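One structure below.
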Amino acid sequence: MPLEKNAMNTIATRLMAAAAAACVLLAVAFQFGGAAASPKVYFYNPESNINNFSSLKAEFDSYLADFGKYEFQPFSNRENFEQFITQDQAALFLLSSWHFQDLRSKYQMKPVLVGSAGGKTTQRRVIVALKPQKNIVALRGQTIASAGHKDFTQSMLNQILGRDGHKDIADSMRIISVPKDIDALMAVGLGMAFAGITSESALEQLRTVNPKQYDLLLTLGKSDELPRVIVAVKESNPDTLVLVKAFEQMSSARKGEYAMQMIGLDGWRRYEESGARPD
């Protein structure tokens with residue numbers, strides 16, 4: 366009997382030790398983003414006019430919940446967004462086409478979807494100034510507000526102004542950074558910048574929310590067509606395949622439609638079928 370009791374005690378001790386070890390492993394997995402972590406969708410796009418990131422997250426989370434335990438994480442800060450690109454290999458990333466072009470080689474990102482609005486997957490960037498400016502010569506040596514990276518902004522200025530032989534004007538302009546595309550227009554209206562470079566959709570947003578300020582602006586130049594929001598991956602896995610399918614089906618669900626409207630879109634197309642090129 367004493368031997369049997371000792372054997373039972375030994376077994377019980379081993380079971381308790383095994384259970385404790387399992388708890389430690391689960392805690393470690395949770396802490397370091399293992400199996401316990403929800404697959405993520407990361408979003409950053411200064412072209413979108415978003416006033417409430419909590420509401421945006423709630424709408425996307427609600428829609429994605431129908432497909433599994435997925436989480437939508439929007440960012441208002443470029444540096445924070447890019448930090449997660451380096452940390453999370455198995456996520457989906459939503460970002461502007463110019464931002465994607467800037468990062469695609471560095472992080473080996475692959476485009477899978479492109480957003481559409483009004484049936485178009487592309488839009489142009491425009492240079493605007495206050496009336497009564499009549500031509501681009503007035504831009505020489507002036508400040509221009511932009512939400513884009515300075516290298517991207519300079520390339521857009523070179524494209525828009527250089528086609529008319531005014532690359533020297535593009536080189537003379539001083540770029541000031543603003544958080545969002547619509548902020549570039551507000552900076553012009555408030556006299557903080559002589560001109561702004563922004564997306565056509567942001568200009569349309571301004572006409573809706575502040576028609577008086579819109580009427581004060583004059584478009585001085587337009588870029589070539591650029592893709593809208595890009596959905597990109599770093600690696601394909603079962604979760605990213607499900608998430609891509611979920612995004613493709615957004616326009617057929619009311620929750621999905623509302624979530625897309627919050628970022629200025631009404632649908633998604635397969636990147637390779639859209640004819641879009643970010644470069």
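Counting from 1 along the sequence shown, just add 365 to a position and that's the residue number in my numbering. All residues carry an ideal CB built from backbone N, CA and C; glycine is no exception. Keep in mind the model is a prediction, meaning the values are calculated, not measured.
**Request:** Jot down the residue ranges of each uninterrupted alpha helix (DSSP H) in the region 580-630, minimum 4 residues, whole runs only, in chain order.
**Result:** If you keep only unbroken alpha helix (DSSP H) runs of at least 4 residues inside the region 580-630, you get 603-613 and 619-626.
**Asked** CA-CA distance, Ala455 and Val477?
**Response** Those two C-alpha atoms are separated by around 14 Å.
**Message:** In the DSSP output, what is Val493 paired with across the bridge?
**Reply:** BP columns for Val493 point to Gly561 and Thr584.
**Asked** In terms of residue numbering, what span does the beta strand (DSSP E) encompassing Leu457 cover?
**Response** Leu457 -> beta strand (DSSP E) spans Leu457 to Leu460.
**Item:** Reference Gln448, options Tyr407, Gln488, Asp426 and Ser566, closest by Cα
**Value:** Of Tyr407, Gln488, Asp426 and Ser566, the residue nearest in Cα terms is Tyr407.
**Prompt:** Is Ser648 near Gly632, with beta carbons less than 7 Å apart?
**Reply:** The structure shown does not extend to residue 648, since the chain is modelled only from 366 through 644, so no value can be given for it.
**Asked** Under 7 Å, do Met521 and Arg490 count as touching if we go by C-beta distance?
**Response** Taking 7 Å as the Cβ cut-off, Met521 and Arg490 qualify as a contacting pair.
**Item:** Arg572, DSSP secondary structure in three states
**Value:** Reduced to three states, the DSSP call for Arg572 is helix.
**Message:** Among Ala611, Glu565, Gly586 and Ala552, whose alpha-carbon lies nearest the alpha-carbon of Leu526?
**Reply:** Taking the Cα of Leu526 as reference, the smallest distance to any Cα among Ala611, Glu565, Gly586 and Ala552 is reached at Gly586.
**Asked** In terms of residues, what are the limits of the beta strand (DSSP E) holding Phe408?
**Response** Counting along the chain, the unbroken beta strand (DSSP E) around Phe408 starts and ends at Lys405 to Tyr409.
**Asked** Per DSSP, Trp633 forms a beta bridge with which residues?
**Response** Partner(s): Gly480.
**Message:** I need the straight-line Cα distance from Ser511 to Tyr623, nearest angstrom please.
**Reply:** Ser511 and Tyr623 have their alpha carbons spaced roughly 28 Å apart.
**Prompt:** Mind checking whether Phe446 and Ile595 have CB atoms under 7 Å apart?
**Reply:** No; because the gap between Cβ atoms is not below 7 Å, this pair is not in contact.
**Residues bridged to Gln488 (per DSSP)** = DSSP lists Leu591 as partners of Gln488.
**Boundaries of the alpha helix (DSSP H) in which Ile547 is found, first to last residue** = Segment Asp546 to Gly554, the alpha helix (DSSP H) holding Ile547.
**Asked** Where does Gln396 sit, in a helix, a strand or coil, going by DSSP?
**Response** Unreliable placement is indicated for Gln396, whose pLDDT of 35 sits below 50; the coordinate value is still reported in the next sentence. Gln396 carries a helical assignment under DSSP once its states are collapsed to helix, strand and coil.
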